[in-house]
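Everything on this sheet refers to the single structure shown next.
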Amino acid sequence: MSRILQPQPSAWLVFLIIVHTGSGMSANIPPSPTVLDQRLAAVRDLLVHLDRSRQLLVLTCWSPAVRYALWQTVREATGAARFVRFAAVDEHQLPWHDRDQHQIVTVVDLSCPGTDSLLESATQLLYYRVRWIVLQSALEAGTAKGWKNCTEYPLLERLPLLISNELFYYCTDPSTGRHLVRQLYRLSPGTSSPPGPVYEEFGVWESQSGVRVAPPTVRPPVTSVRRQNFQQFQLRASLVVLHNETLNHLDDLHDKHIDTISRVNYQLTKSVAHALNATVRFSIVDSWGYRDPHTDRFNGMVGELQSDLADLGGTSMFFTQDRIKTVDFLSMTTSTRASFVFRAPKLSFTDNVFVLPFDQYVWYCTVSFILLSGLLLLVVLRTERRYKVSAGGDNSTSTATGLSDTLLNVFGTTCQQGSFIEPKTAPSRCLILLCLVVLMFLYASYSANIVALIQSPSTKIQTLEDLLASRLKTGAEDTVYNRYYFRHETEPIRKALYERKMRNKDGTENFLPLAQGVELVRQGHYAFHVEKGVGYKLISETFQEEEKCGLQEVEYLKVIEPYYAVQKNSSFREPVRINLFKLREFGVQGRENTLLYTKKPRCVGGSSFIPVSIVDVWPALVTLGWGYFLTITMLLGEQLWVRVRVRILPAEGYFQQ
817 MSRILQPQPS AWLVFLIIVH TGSGMSANIP PSPTVLDQRL AAVRDLLVHL DRSRQLLVLT
877 CWSPAVRYAL WQTVREATGA ARFVRFAAVD EHQLPWHDRD QHQIVTVVDL SCPGTDSLLE
937 SATQLLYYRV RWIVLQSALE AGTAKGWKNC TEYPLLERLP LLISNELFYY CTDPSTGRHL
997 VRQLYRLSPG TSSPPGPVYE EFGVWESQSG VRVAPPTVRP PVTSVRRQNF QQFQLRASLV
1057 VLHNETLNHL DDLHDKHIDT ISRVNYQLTK SVAHALNATV RFSIVDSWGY RDPHTDRFNG
1117 MVGELQSDLA DLGGTSMFFT QDRIKTVDFL SMTTSTRASF VFRAPKLSFT DNVFVLPFDQ
1177 YVWYCTVSFI LLSGLLLLVV LRTERRYKVS AGGDNSTSTA TGLSDTLLNV FGTTCQQGSF
1237 IEPKTAPSRC LILLCLVVLM FLYASYSANI VALIQSPSTK IQTLEDLLAS RLKTGAEDTV
1297 YNRYYFRHET EPIRKALYER KMRNKDGTEN FLPLAQGVEL VRQGHYAFHV EKGVGYKLIS
1357 ETFQEEEKCG LQEVEYLKVI EPYYAVQKNS SFREPVRINL FKLREFGVQG RENTLLYTKK
1417 PRCVGGSSFI PVSIVDVWPA LVTLGWGYFL TITMLLGEQL WVRVRVRILP AEGYFQQ
């Protein structure tokens, strides 16, 4: 926050004596005039109507007594709420880089030598952020008496007082004799630029009552709201068009998926010009613009704004760090984003469907049940065999009584393969019957869930990391911004996605035409980076109803939605921004976006039957392969063990003899 200067009168006088003694001026301070100088009263009375004026910069040749009187009257009128700074009439004293420019009111007197040069060198400070109070007093015997006539300000008509300026000057109306506070502005630099300077009467000043301003209902106090009539002034807009055929269909809905963002902003730019009573001339470029690191200049639309070849950026664009220093972003006009769009693959494409039907605790219980049933069956069978042998009974039907036999039997029962063990007693039969009943329910639940899972789409691909780890192929629409962002991305995941999935081994890149990319998405297992509103329009026209189900998105560009832009520090900034906000509030912007952008298609046709493919049974084939491998390995191991034993055992028998 700005510091508030509150020196004591004695300290202030000492400061002025030191300053003027050092500059060669007389150190004797004349007494304050008994009657308040009109210059001081004018500044004081006008400050009351200027909100946000926290700092007062006085660049005049006034005497120390007048300066002190000004500081004193400003402090008394505003309750010491303003910081007052006095300086010489020098352009180096202007607040070129002050972060609080919007709070500064600069006071100059055209009667002071060098003020003309000061104003001419102020350039954009005359119409951007800084406010001015210009006086030109008729001096008589060192005292200000009255003001110059309103026709005696030729300097102001030569200055670049553009439409956003807030420069106030005092003059006397020669026909009525009233003291007026006036403003003037023009729409473009130069005295001959149409429609010429426009004069505004801010208020009437009287020494007794101060500045009388018209009520807000008659004259809006905000400059950008008050100056909404451009009198058919021609605005220059730069429009990005990537397809030449678009130039023939800017005002209709033919092929609205081509250059959609440009066509939306074309309509909004014309609406803004109509609201400002202006005309607009479009220049066509083929890119938004990228900076040349050697010259620090942009090409494309940003280059035209930077070079003063265009006033408005007719196509909204994304924020980038280098563009922020070159243009001013005003309002979000296009509600669209670019993302990877793909049809959700089958669940078996991303997961092993054979382990998904049961929760992990159900799997634990199933395995525990198999082990426990195998052990109980082993105990029961061995008990049966012991009693039958002791009773001299026949044991020919109950020979498989090992642990591996019983576990294999229960596992076969689990897989609904039947039981190769024939129980003879009631306990063993009850146990086998219990296993068959329990495992029948498990098998039925498992089989039914497997059928549903094979037909289900996967929702596992939700982030760029998931997309990078998946087996989906990727591509992007062949546009200038896609090429730029993919090639210049430095974030590890995005960079890896470009290098591993977008750039091929032969050096080519997967930047495809829109129609080809959408067709690859329709065929499946392909993610296509495209502007969503454009891509969904083509998807709605080419996909079958059941193919529209399961469409998913993964965002790649971590940027905010595109914004409308104008020249940096443009005088048209506030009027254009206000009217862009009005277009949004009145629904015009929403209407244009709805007409030209297509929303995500709704799934109304249900899902079609998906045949079982190799990818669905791949985990089973992998299990079978590992089983073959282990079987062959164990077979070879047993053969090797047998041969080693044959060679070792005869030698052991020889040494024992």
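Throughout the sequence shown, residue numbering follows my numbering, covering 817 to 1473 in sequence.
In this text, a Cβ means the ideal position worked out from N, Cα and C, and glycines have one as well.
**OP:** Let me know the secondary structure DSSP gives Asn-1064 once reduced to three states.
**Re:** Asn-1064 falls in the helix class under three-state DSSP.
**OP:** Below 6 Å CB to CB, which residues in the same chain sit around Asp-1160 once its five sequence neighbours on both sides are set aside?
**Re:** Looking at the sequence provided, one finds Ala at residue 1160 rather than Asp. The residues are Pro-1273, Ser-1274, Gly-1366, Gln-1368.
Original post:
Run through DSSP, which three-state label would Gly-1019 get?
Top reply: DSSP places Gly-1019 in strand when its eight states are reduced to three.
Original post:
Do we get a CB-CB distance below 9 Å when we pair Ser-1040 with the residues of chain C?
Top reply: The displayed structure is made up of one protein chain only, and chain C is not part of it.
Original post:
How big is the Cα-Cα spacing for Ile-1430 and Ala-1436?
Top reply: Going by the C-alpha atoms only, they are around 10 Å apart.
Subject >> Bounding residues of the alpha helix (DSSP H) (the contiguous stretch that carries Arg-1303) >> reply: Per DSSP, Arg-1303 belongs to the alpha helix (DSSP H) from 1296–1304.
**OP:** Taking the CB atoms as reference points, tell me whether Tyr-1380 and Ser-1132 lie closer together than 9 Å.
**Re:** Cβ distance < 9 Å, so Tyr-1380 and Ser-1132 count as in contact.
Subject >> Contact the region 866–875 vs the region 1039–1050: 3+ CB pairs below 8 Å >> reply: Judged by Cβ distances under 8 Å, the region 866–875 makes no contact with the region 1039–1050, as fewer than three pairs qualify.
Original post:
Would Thr-1213 be called buried (16 or more neighbouring beta carbons within 10 Å of its own) or exposed?
Top reply: Its pLDDT being 46, under 50, Thr-1213 is placed unreliably by the model, and the measurement read from it follows with that caveat. So Thr-1213 ends up on the exposed side.
**OP:** Report the three-state DSSP secondary structure of Val-1027 (helix, strand or coil).
**Re:** Strand.
Subject >> DSSP-derived helix/strand/coil call for Glu-1454 >> reply: Glu-1454: helix per DSSP, three-state reduction.
**OP:** Please classify Gln-1332: does DSSP put it in a helix, a strand, or coil?
**Re:** Helix.
Original post:
Exposed or buried, what is Thr-850 when buried is set at 16 or more other beta-carbons lying within 10 Å of its beta-carbon?
Top reply: In this prediction, Thr-850 has a pLDDT of 36, which is less than 50 and means its spatial position is unreliable; what the coordinates show is noted afterwards. Classification for Thr-850: exposed.
Original post:
Mind checking whether Ser-1147 and Leu-1411 have CB atoms under 9 Å apart?
Top reply: Result no, Cβ atoms of Ser-1147 and Leu-1411 do not sit closer than 9 Å.
Subject >> Residue span of the beta strand (DSSP E) that contains Phe-984, given as start and end >> reply: Its beta strand (DSSP E) spans residues 983–988.
Subject >> Whole-angstrom distance between Val-1169 and Ile-1277, CA atom to CA atom >> reply: Approximately 16 Å between the Cα atoms of the pair.
Original post:
Quick one: what does DSSP say Leu-1194 is sitting in, helix, strand or coil?
Top reply: Helix at Leu-1194.
Subject >> Cutoff 7 Å; reference Glu-1325; Cβ partners in own chain excluding five residues on either side >> reply: Excluding sequence neighbours, Glu-1325 sits near Met-1318, Arg-1319.
**OP:** Identify which residue in Thr-1241, Arg-1459, Val-1029, Gly-1333 has its Cα closest to the Cα of Arg-1202.
**Re:** Nearest neighbour of Arg-1202 by Cα position, chosen from Thr-1241, Arg-1459, Val-1029, Gly-1333, turns out to be Thr-1241.
**OP:** Measure the alpha-carbon distance for Glu-1454 versus Tyr-1177 and round it to whole angstroms.
**Re:** For Glu-1454 and Tyr-1177, the distance between alpha carbons rounds to 37 Å.
Subject >> Under the three-state DSSP convention, the category Asp-1221 falls into >> reply: Look at Asp-1221 here: in three-state DSSP terms it is helix.
Original post:
Could you give the distance in angstroms between the alpha-carbon of Ile-1355 and the alpha-carbon of Leu-1000?
Top reply: Between Ile-1355 and Leu-1000, the alpha-carbon positions lie close to 55 Å from each other.
Subject >> Between the CA atoms of Gly-1333 and Leu-1125 - distance to the nearest angstrom >> reply: Cα-Cα distance, rounded: 36 Å.
**OP:** Apply the 10 Å Cβ neighbour rule to Arg-1035 and answer buried if 16 or more other Cβ atoms are within range, or exposed otherwise.
**Re:** Result: exposed.
Original post:
What does Arg-901 pair with, by DSSP beta-bridge criteria?
Top reply: The partner list for Arg-901 (beta bridge, DSSP) reads Leu-873.
Subject >> Of the residues Phe-1145, Phe-1227, Lys-1162, the one placed nearest Ser-1184, counting alpha carbons only >> reply: When only C-alpha atoms are compared, the closest one is Phe-1227.
**OP:** For Val-1056, count neighbouring C-beta atoms within 10 Å of its own C-beta (all shown protein chains included) and say buried if the count is 16 or more, exposed if not.
**Re:** It is buried - the Cβ of Val-1056 has at least 16 other Cβ atoms within 10 Å.
Subject >> Alpha-carbon spacing of Gln-1048 relative to Ser-1040, whole angstroms >> reply: Spanning the two alpha carbons is a distance of roughly 17 Å.
Original post:
Measuring CA to CA, which of Tyr-943, His-913, Ser-1025, Val-923 is closest to Asp-861?
Top reply: Nearest option by C-alpha distance: Ser-1025.
Original post:
Applying the criterion that 16 or more other CB atoms from any shown protein chain within 10 Å of the CB defines a buried residue, is Tyr-933 buried or exposed?
Top reply: The sequence shown places Ser at residue 933, not Tyr. Under this definition Ser-933 is an exposed residue.
Subject >> Run of the beta strand (DSSP E) containing Ala-1053, from where it starts to where it stops >> reply: Note, Ala-1053: beta strand (DSSP E), 1050–1056.
**OP:** Specify, as a first and last residue, the run of the alpha helix (DSSP H) that Asp-867 falls within.
**Re:** Per DSSP, Asp-867 belongs to no alpha helix (DSSP H) and is neither H nor E.
Original post:
What span of residues does the alpha helix (DSSP H) with His-1090 cover, start to end?
Top reply: That run of the alpha helix (DSSP H) goes 1076–1091.
Subject >> Sub-9 Å separation of Asn-1265 and Pro-1173 beta-carbons >> reply: It is a contact, given that the beta carbons lie within the stated cut-off.
Original post:
Could you check where the alpha helix (DSSP H) with Phe-1145 kicks off and where it finishes?
Top reply: In the DSSP annotation of this structure, Phe-1145 is not part of any alpha helix (DSSP H); the continuous beta strand (DSSP E) holding it starts and ends at 1143–1148.
Original post:
In whole angstroms, what is the alpha-carbon distance linking Ser-1164 and Val-1171?
Top reply: Each residue's Cα considered, the two are about 11 Å apart.
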